Ligand SMILES: CC(C)(COP(=O)(O)OP(=O)(O)OC[C@H]1O[C@@H](n2cnc3c(N)ncnc32)[C@H](O)[C@@H]1OP(=O)(O)O)[C@@H](O)C(=O)NCCC(=O)NCCS
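Numbering (my numbering), first residue to last: 1 to 180.
Written out as structure tokens, the structure is:
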């Protein structure tokens with residue numbers, strides 16, 4: 001498998017001790033505010049990592065969650081994920097989360113590109129999509145800058161505790177991607 005890396009970061013499989021890195025970002029309100037979950041307790045971050053490790057053992061594997069690591073100090077600063085949503089339709093979905101200390105440096109855009117590349121090249125997908133909250137401007141910019149196309153706005157597809165929420169939908173297709 002091609003190494004999942006850029007000049008300053010690499011992606012690797014999760015290990016159990018990553019719960020600390022997860023807790024450093026997932027415990028913050030600014031990180032969870034567009035998500036379906038609340039700021040994490042230590043237990044919740046440990047549980048998240050346990051689930052990621054368990055899901056990585058499923059056969060066939062559908063969930064690929066990678067830890068984002070800074071090359072210069074080996075610090076775990078976020079996660080990037082791709083999940084196969086349909087084997088028949090060769091479709092996957094990506095997502096990413098970064099520790100706020102590293103926001104607005106282009107790192108999430110690099111991660112999105114690597115994970116999309118992985119989905120097309122290693123998982124042989126045809127279509128990769130991503131959704132985000134309409135007011136999550138940072139995430140929309142990441143999806144645009146990573147080369148995905150805006151497809152539209154899904155109406156009230158998510159039920160949160162505050163009520164129904166719309167989502168913005170982006171996608172990339174394998175044959176468009178290979179010509180990038
Ligand atoms: C969304 C998120 C991943 C963006 O990460 P990031 O590394 O800061 O993104 P990038 O640096 O690659 O940003 C890409 C562009 O978006 C802009 N941007 C990033 N965050 C922004 C924000 N909150 N508001 C406006 N623009 C923002 C960047 O400035 C950059 O634009 P530019 O190249 O024109 O300057 C990060 O804020 C995050 O982890 N948020 C919490 C989790 C989350 O929402 N994940 C996405 C779920 S759909």
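Built from N, CA and C at the ideal position, the CB exists for glycine as well. All of these numbers come straight from a predicted model, not from anything done at the bench.
Endpoints, the alpha helix (DSSP H) within which residue 178 is located
Here the question's residue 178 lines up with position 178 in the chain shown. 174 to 178 is the span of the alpha helix (DSSP H), which, as asked, contains residue 178.
When you compare the CB positions of residue 147 and residue 169, do they come within less than 7 Å of one another, or not?
One-based indexing of the chain shown puts residue 147 at position 147. One-based indexing of the chain shown puts residue 169 at position 169. Contact flag unset, no.
Pull up the distance between the alpha-carbon of residue 149 and that of residue 137, whole angstroms please.
For the purposes of this step, residue 149 is identified with residue 149 of the chain shown, where counting begins at 1. For the purposes of this step, residue 137 is identified with residue 137 of the chain shown, where counting begins at 1. So the two alpha carbons sit approximately 15 Å from each other.
Let me check one thing: in DSSP terms, what residues is residue 79 bridge-paired to?
As a first step, residue 79 must be located in the chain shown, where it is residue number 79. For residue 79, which the question treats as bridged, DSSP gives the partners 67 and 97.
Suppose only complete runs of 3+ residues qualify. What are the beta strand (DSSP E) ranges in the region 9 to 60, listed by chain order?
9 to 13
Would you say residue 157 touches ligand 1, meaning its beta carbon is less than 6 Å from a heavy atom?
Looking up residue 157 in the chain shown gives position 157. Incorrect: residue 157 has no Cβ contact closer than 6 Å to ligand 1.
Among the residues of its own chain, which have a CB less than 8 Å from the CB of residue 39, if the five just before and after it don't count?
Your numbering for residue 39 matches position 39 in the chain shown. Result list for residue 39: 26, 27, 28, 29, 31 and 32, in chain order.
Is it a yes or a no for the region 53 to 60 touching the region 91 to 101, going by three-plus beta-carbon pairs under 8 Å?
no
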